[in-house]
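One structure is given here, and the rest of the page talks about it.
Numbering (full-length UniProt numbering), first residue to last: 1 to 929.
Following this line, the structure appears as structure tokens:
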């Protein structure tokens, strides 16, 4: 990007100078006082003073400046407003009539205004209720206001105002072929020495605040003077504290008079920040700055109206493009389309035809957004050439790196970023432990070491990236940090909360309303304010972005930022000191948004390019696998939620760039393999990791199995990264049930046997001595074979299953292996049963009993063998959940010759505790005819 790409419309400083009537007199011009060099005119020659002041560079406000208070808090020593303080935009109320009422009546109008807009869903609420408005309390984070009102600053000295042609040149809408306006400093040099001594015209800066009394009665007022008088009246009306400055809330009310336009609250705050000349926005705008803003809006209203060809009150995509060209922005069409869609919230095409439309308030919001990005860009344009070390488009991601943190190609230098990270402020200097997995090494026939990210303070690697980014921004004087915000219901939220608390920075975490209490209570315990909003993550993400703009908070992304990636990349740095690099063959890394694998790969491929970087994803959340396969970034329609820590639909732009360059391959695993990996980790470490945390182990096992005939794994050293251990306790039962399936140790069959006494025991003896884990049967129709759901453990699935199937067929049993049937594993085992037909069982003929017996080998076999051959079993359900007590639900039909006394004597004889459930309401409603 060259200097011609920068906009030529007046900056807030230029507009203040022009409308105010003269340039403030300081020891140096305003832009030089703040360390700014003179800008080269658009398309013109360079400013000769640029070479004289080459040592100066752009600087932000002093690190000792006061932070902006929370939204709508009153200032210490300042009277509270007489109208109610809304929690949401006051400018959504109806615009006042052209003839304003007296001041007291004006206040009463707002006191009777309807209540502010509330959240649309009653379940959306703040976890921590907002406190009554009061003066900010002192903290260690930033110096706060004193209890006394700050002393007024001395007014600048009088200087000559620019000529009327110069004024018109600034405030008229920019023309596409007209030369750009000159910088005020260049204009000042063109004013003769005699003109500077002349009396300033009416309405210009005189060292005192303007008022209507400045204009003598009876004199003929120019249109400019009339406008300033009207603006003064408006300014005085909304300045309820008579402080000479108006806040964002007061500015919102004042702007209601601007062509009946209601600006978004975030736009008002950005405009206030831009036109406050770098001063603390909490002090608001003075009158000169307010006039500058008004004239700024007027100039762009003219551009907007001129571009609106059909006078519909909004502009199309093509009309928007032409306005940007007139202003001086030279952006590629994709970026312009992105901006148009962002602010119009509708789809558009690049051929000039637009489905969506851009209204004037959204148009101004877009321009202010671009102005904000331009100011960020200028901080890195050290020589004022219009070329910075980072491209302008990258600032849409608000990547705020120092110039020394880029490599020669203009990309972030991740080796340098990782080596200079701040992670070890919160992580032990030696890093997370590397544990030799003895059991896994034996089973996999390889040398396996586990990288224990589950042992970090928040039980996840996410702490690394969050802390590194917050600490880097906090230490950068060019980036004032009023607080941080993030949208997450998982590990990233805890990482941000912990990091902010460590650095004594206010933090806010936005989560969906359905977030379990254990998650938001942990974040709240770490010191963050929790906001529950929306029914899904997308709604919460939008609210997070809105609050970030509204309260001037820095959004900490979960993965797509160089500082975050570098923080995660310190895992790779630690591996180089914990292992002999020449002996390390592959690292298996969980993949969600790609921050961890991108950071580790960027470092390891630089210092040890022979190490294979293997990503691991689930089949139902495989964004990286699909992207590498299609050679472009792919967004998934939906993702699975079991491995919720890596359930991401699309990788970040920067993480995708790095993964393309460094990742060798991606392995995918299913849910059962994940559960088995959780069990593997437990057996080696006695720790339980979350599903996403076990992805590395599951992927390594799959990789070894798939390449067993190609690679001698016995000589290989592998490192799976255990990324986290924030496991929901209620998932443990599911994990334990599915782990044996993932290990290939449990198989499930549907077996059809003749429905006659004795066949049930034959089936059980055929499976014995293997441990039966589930046995479900229900007599439905005596004229058809009995269908039985049975599961049992095996040691060698590939050899034992075929032998068992063959033995069952010899007994005329029909058998079907359903071990890989997801419906059977998830629901089928619980649906076996129902009511028998009327002709099969007569009402009252069946008896239902529940038995309990010690869960030890052979107990179930002895129970079945004790049954007499002439006792017909009509219902049977047994499931081994790893308890010490086994429970069986059994239905019987006794022969007519048998009595209940004989049956009870049998039950007493076998010695197992039993309960008669024949009258149980569940049995009567669902199982009994």
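Note that CB positions come from ideal geometry on N, CA and C, so glycine has one too.
Counting along the chain, the unbroken alpha helix (DSSP H) around residue 736 starts and ends at 732-742. Per DSSP, the beta bridge partners of residue 877 are 776 and 889. With a 10 Å radius around the Cβ and a threshold of 16 neighbouring Cβ atoms, residue 580 comes out exposed. Minimum Cα-Cα distance from residue 300 among the listed residues 240, 339 and 366 corresponds to 366.
When the five nearest sequence neighbours on each side are left out, the beta carbons in the same chain lying within less than 6 Å of the beta carbon of residue 526 are those of 497, 498 and 501, in order along the chain.
In terms of Cα proximity to residue 618, the closest of 482, 583, 667 and 687 is 667. Remark: C-beta atoms of residue 763 and residue 788 approach each other more closely than 8 Å.
Setting aside the 5 residues that flank it on each side, residue 604 is surrounded in the same chain by 572 and 611, each with a C-beta closer than 6 Å to its C-beta; the list follows chain order. Judged by pairs of C-beta atoms under 8 Å, the region 591-601 touches the region 647-661, as three or more such pairs exist. Residue 322: not part of any beta strand (DSSP E); member of the alpha helix (DSSP H) spanning 317-327, first to last residue. Secondary structure within the UniProt domain "ACT-like" (747-820): the alpha helix (DSSP H) runs of 4 or more consecutive residues, fully enclosed, are 759-767 and 797-810 (chain order). The beta strand (DSSP E) runs lying completely inside the region 557-592 and spanning 3 residues or more are 586-590, given in chain order. In this structure, residue 885 keeps its C-beta atom at 8 Å or more from the C-beta atom of residue 836. In the three-state reduction of the DSSP assignment, residue 225 falls in the helix class, which pools H, G and I. Look at the beta carbons and you see the region 411-419 touching the region 561-577: at least three pairs across the two are nearer than 8 Å. Between residue 813 and residue 754, the alpha-carbon positions lie close to 8 Å from each other.
Where residue 711 is concerned, there is no enclosing alpha helix (DSSP H), because DSSP gives it neither an H nor an E.
The alpha helix (DSSP H) runs lying completely inside the region 239-280 and spanning 4 residues or more are 248-254 and 265-275, given in chain order. Taken atom to atom, the span from the alpha-carbon of residue 233 to that of residue 295 is near 16 Å. Cβ-Cβ distances below 7 Å link residue 492 to 462, 466, 486 and 558 in the same chain, with the five nearest sequence neighbours on each side left out; the list follows chain order. Between the C-alpha atoms of residue 489 and residue 482 there is a straight-line separation of about 23 Å.
In the structure shown, residue 612 adopts extended strand secondary structure according to DSSP, grouped into three states. Taking residue 767 as the centre and dropping the five residues before and after it, the same chain places the C-beta of 792 closer than 6 Å to its C-beta, in chain order.
Residue state for residue 452 is assigned as strand, using DSSP reduced to three classes.
Short of 6 Å from the beta carbon of residue 253, and not among the five residues preceding or following it, lie these beta carbons of its own chain, in chain order: 238.
Taking all protein chains in view, the Cβ of residue 671 is crowded by 16 or more other Cβ atoms within 10 Å, so the residue is classified as buried. Look at residue 511 here: in three-state DSSP terms it is strand. Look at the beta carbons and you see the region 500-520 touching the region 539-558: at least three pairs across the two are nearer than 8 Å. Between residue 302 and residue 454, the alpha-carbon positions lie close to 59 Å from each other. Within its own chain, the residues whose Cβ lies closer than 6 Å to the Cβ of residue 878, once the five positions on either side in sequence are excluded, are 775 and 888, listed in chain order.
Counting of Cβ neighbours within 10 angstroms places residue 685 among the buried residues, the total reaching 16 or more. About 14 Å separates the beta carbon of residue 679 from that of residue 725, a gap too long to meet the 8 Å contact definition.
Cβ-Cβ distances below 8 Å link residue 761 to 864, 865 and 867 in the same chain, with the five nearest sequence neighbours on each side left out; the list follows chain order. Within 10 angstroms of the beta-carbon of residue 921 lie fewer than 16 other beta-carbons, which makes it exposed. Partner residues in the beta bridge of residue 460, as assigned by DSSP, are 724.
Less than 8 Å divides the Cβ of residue 264 from the Cβ of residue 361.
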